[in-house]
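Numbering (this note's numbering), first residue to last: 71 to 225. C-beta atoms are modelled at their ideal positions from N, C-alpha and C, and glycine is treated no differently. All of these numbers come straight from a predicted model, not from anything done at the bench. This report refers to the structure that appears directly beneath it.
Encoded structure:
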């Protein structure tokens with residue numbers, strides 16, 4: 071892709087894992103025939119990453135855009151839009167969390183249509199509260215500040 075072709079023609083899609091990328095990649099590429107779509111795979115839940123706690127959502131997403139640009143060989147100045155796909159893990163649901171002492175290991179939380187079962191309700195509720203705050207911060211953003219001169223739409 072040369073500079074004239076790529077200018078303002080890049081959409082960065084932030085997803086939590088490779089399965090999310092695979093699920094959406096073909097569909098988003100067909101929607102964006104005039105733009106190149108690049109995925110930034112976070113490999114985890116960005117909204118519950120306590121190591122990112124000191125950073126604002128804008129700072130975290132800006133870093134992901136920069137990493138994606140470096141790995142995919144485009145300039146951040148070419149970015150026309152950022153889309154983030156994330157699951158809510160029931161953070162806006164009321165009265166659905168239930169204790170299940172039989173759950174262990176990676177299966178310590180299970181999601182159902184009408185309930186969430188977890189081994190450690192207190193820890194799960196703390197994580198949900200943190201995630202909800204981060205998601206609300208994301209919902210307040212309409213653009214990401216790349217630098218003082220550049221903001222790109224964020225959805």
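Residue i, DSSP secondary structure in three states
| i | result |
| --- | --- |
| residue 91 | helix |
| residue 198 | helix |
| residue 100 | helix |
| residue 215 | strand |
| residue 81 | strand |
| residue 220 | strand |
| residue 166 | coil |
| residue 146 | helix |
| residue 151 | strand |
Start and end residues, alpha helix (DSSP H) containing residue i
| i | result |
| --- | --- |
| residue 127 | 127-142 |
Bridge partners - residue i, DSSP secondary structure assignment
| i | result |
| --- | --- |
| residue 180 | 187 |
Expected contact under 8 angstroms - CB spacing of residue i and residue j to nearest Å
| i | j | result |
| --- | --- | --- |
| residue 222 | residue 152 | 6 angstroms |
| residue 82 | residue 105 | Their Cβ separation, rounded to whole angstroms, is 10 angstroms, which puts residue 82 and residue 105 out of contact at 8 angstroms. |
Residue range of the unbroken beta strand (DSSP E) whose run includes residue i
| i | result |
| --- | --- |
| residue 161 | Here residue 161 belongs to no beta strand (DSSP E), and DSSP marks it neither H nor E. |
Check: residue i C-beta below 7 angstroms from any heavy atom of the ligand MG
| i | result |
| --- | --- |
| residue 129 | Only the bare structure without any ligand can be found here, which leaves the ligand MG out of the picture. |
Closer than 8 angstroms is the cut-off here; do at least three beta carbon pairs connect the stretch 117-137 with the stretch 212-223? yes
Pair every Cβ in the stretch 86-99 with every Cβ in the stretch 107-121, then say whether three or more of these pairs are closer than 8 angstroms. yes
Would you be able to state if there are at least three C-beta pairs under 8 angstroms between the stretch 188-202 and the stretch 137-151? no
Using 8 angstroms as the cut-off, can you tell me whether the stretch 157-166 makes contact with the stretch 192-204, which would need three or more C-beta pairs spanning the two stretches below that distance? yes
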